[in-house]
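Taking it in order: structure first as structure tokens, then the write-up.
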Amino acid sequence: MRRLVVDMQSSAPHMRLPAWAADEITANTPDGWEVAHIATQSRSLGNGTNEPSAETLAAIPAAEAYFGYGLTPPLLAAAPGLRWAHSASAGIGESITPELRESRVVFTNGAGIYAEPMADTVLGGVLHFVRGLDLAVRLQAASIWDRHPFVDNNGGIRELSEYRVLVIGAGGIGSAVAQRLQALGCTCIGVRRRPALGIPAGFTRVVGPDALEEVLPLGDITVVAAPLTDGTRSLLDGGRMALLPAGAIVVNVARGPLVDDAALLEGLESGRLRGAVLDVFSTEPLPADSPWWQHPRVLVTPHVSGVSPRRTWQRGIALFMDNWRRWSAGERLHNVVDLDAGY
């Protein structure tokens, strides 16, 4: 009997496997398989489960497949028969360890299932600054009726269609962002590791990482949606930040370390940048003394841009079930992680 271990009882409610999803996995188990549902709660945030539970370690030795949040060396060490693991997370950088590279495990992830809510968050954050809603919030809190910041020609209030958009990371998330902004009149340029793969929906042009400096001056709105790898860490550093046009809006829904905090703060403090929409940070949870909290040009959300309680799980379970069917039949899987690329 082939065994699947489902280890999805996260301490974070939005990451905990819903009862209907567990029932669907059980009801649609392929012939020749058994499912071990782990009941022990685990802390599963970011790239994966921090530490496997005793229950997981007891169930995993006989497992061929694992469905959870990332893979840790202790988990791999306890699973000599493991051949396929699927992470419900899209970000899996911390799971790419020497132990995983040396194993025979095929590793797939949840890339793409969070794209729609993340793109909605990007759109809302961008409009927050484009239409001066940041000004409105502050004036409302102070009970002040003042039209001046909105009607002043130098106030930064524009129509969305006036903006050129640069999306760094033109995968599923980047394409969902571009489709929304293109539909509202923006011209969208994408940066992707392999531009030869073509131009995804929503973009008018796609370039490779070697052309990033060339297109940064076009980024009135610059959206960071690339995976965190050794090659993308500090991708938007001080030198590149200086290439952005005056009045640019920076959005980061990827991972905090892709953006140089000091350079971004300097651009905001000087007034050269219009604003920043930040869902991710170099240190999470964001410390209480962080300058981002109270900065008038920053919109902070606590790493929740991908939250969609109903539809994310629907997409995620559909992806896993299709991959499980494919694995059982010896077919090619979706979302196989390139361990060298880091995603």
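Using this note's numbering, the first residue of the sequence shown is number 5, and each one after it goes up by one.
Glycine included, each C-beta is placed from N, C-alpha and C at the ideal position.
Check Leu232 in the structure and name its three-state DSSP category. coil
Unbroken alpha helix (DSSP H) run spanning Val152, endpoints: The sequence given here has His at residue 152, not Val. Taken as a continuous stretch (DSSP letters only), the alpha helix (DSSP H) holding His152 covers His152 to Val155.
By the three-class DSSP mapping on this structure, what secondary structure does Arg209 have? strand
For Asn327, does the three-state DSSP call read helix, strand or coil? Helix at Asn327.
Give me the residue from Thr226, Arg142, Phe133 and Gly206 with the minimum Cα distance to Ile172. For the set Thr226, Arg142, Phe133 and Gly206, the Cα lying nearest the Cα of Ile172 is the one of Thr226.
Three-state secondary structure assigned by DSSP to Ile172: In the structure shown, Ile172 adopts extended strand secondary structure according to DSSP, grouped into three states.
With distances taken between CB atoms, is the gap from Tyr347 to Ala182 smaller than 9 angstroms? no
Can you give the Cα-Cα distance for Asp241 and Cys192, rounded to whole angstroms? A direct Cα-to-Cα measurement between Asp241 and Cys192 gives close to 22 angstroms.
So, with DSSP's three-state summary, where would you put Arg198? coil
Val9 and Thr60 - do their beta-carbons sit closer together than 9 angstroms? Yes, they are a contact pair.
Under 9 angstroms between the Cβ atoms of Val130 and Val255? Yes; because the gap between Cβ atoms is below 9 angstroms, this pair is in contact.
Can you grab the Cα-Cα spacing for the pair Arg105 / Tyr73, in whole Å? 17 angstroms
Classify Val302 as helix, strand or coil using the three-state DSSP reduction. strand
Please return the same chain residues whose Cβ sits closer than 7 angstroms to the Cβ of Ile100, not counting the five positions on each side in sequence. Within the same chain, Ile100 has close Cβ partners Leu343 and Gly346.
Using C-beta distances below 7 angstroms, list every residue in its chain close to Val39, excluding the 5 sequence neighbours before and after it, in chain order. Leu8, Val10, Ile29, Thr30 and Thr33
Quick check: the Cα distance between Ile321 and Ala25, rounded to an integer number of angstroms? Rounded to whole angstroms, Ile321 to Ala25 spans 7 angstroms at the Cα level.
Rounded distance between the beta-carbons of Val341 and Asn113, thought under 8 angstroms: 6 angstroms
Taking Thr125 and Val257 to be in contact with their CB atoms under 8 angstroms, please state how far apart those CB atoms are, rounded to whole angstroms. 7 angstroms
Tell me whether Gly279 sits in a helix, a strand or coil according to DSSP, three-state version. strand
CB-CB under 6 angstroms to Ala230, same chain, minus the five flanking residues each way: which ones, in chain order? Ile172, Gly173, Thr236 and Ala258
If I'm right that Pro261 touches Ser238 with Cβ under 8 angstroms, what's the distance once you round it to whole angstroms? 7 angstroms
Range of the contiguous alpha helix (DSSP H) that encloses Glu38: Per DSSP, Glu38 belongs to no alpha helix (DSSP H); it is in the beta strand (DSSP E), Trp37 to His41.
Considering only the alpha carbon of each residue, which of Arg20, Arg142 and Gly36 lies closest to Ser332? Gly36
Cross-strand partners of Val9 (DSSP beta bridge): Ala40 and Tyr70
Could you tell me the distance, in whole angstroms, from the CA atom of Glu270 to the CA atom of Ala58? 47 angstroms
Ordered along the chain, which non-local residues of its own chain (more than five positions away) have a Cβ less than 7 angstroms from that of Pro355? Because the chain spans 5 through 347 in this model, residue 355 falls outside it and cannot be assessed.
Simplified DSSP assignment, three categories, for Ala89: For Ala89, the three-state secondary structure derived from DSSP is strand.
Between which two residues does the alpha helix (DSSP H) harbouring Val130 extend? Ala119 to Val134
With a CB to CB cut of under 6 angstroms and the five nearest residues on each side skipped, what residues in its chain are close to Gln45? Gln13 and Ser15
Paired residues, beta bridge with Leu240 - DSSP: Val263
Say the cut is 8 angstroms; is the CB of Val308 nearer than that to a heavy atom of the ligand ATP? The ligand content of the structure shown is nil, which means the ligand ATP is not present either.
Ala280 versus Asp265: straight-line alpha-carbon distance, rounded: 11 angstroms
What residue does the beta strand (DSSP E) around Val110 start on, and which one ends it? Where Val110 is concerned, the enclosing beta strand (DSSP E) stretches over Val110 to Thr112.
How about His90 and Trp328: are their beta carbons less than 9 angstroms apart? yes
For Ile100, does the three-state DSSP call read helix, strand or coil? In the structure shown, Ile100 adopts coil according to DSSP, grouped into three states.
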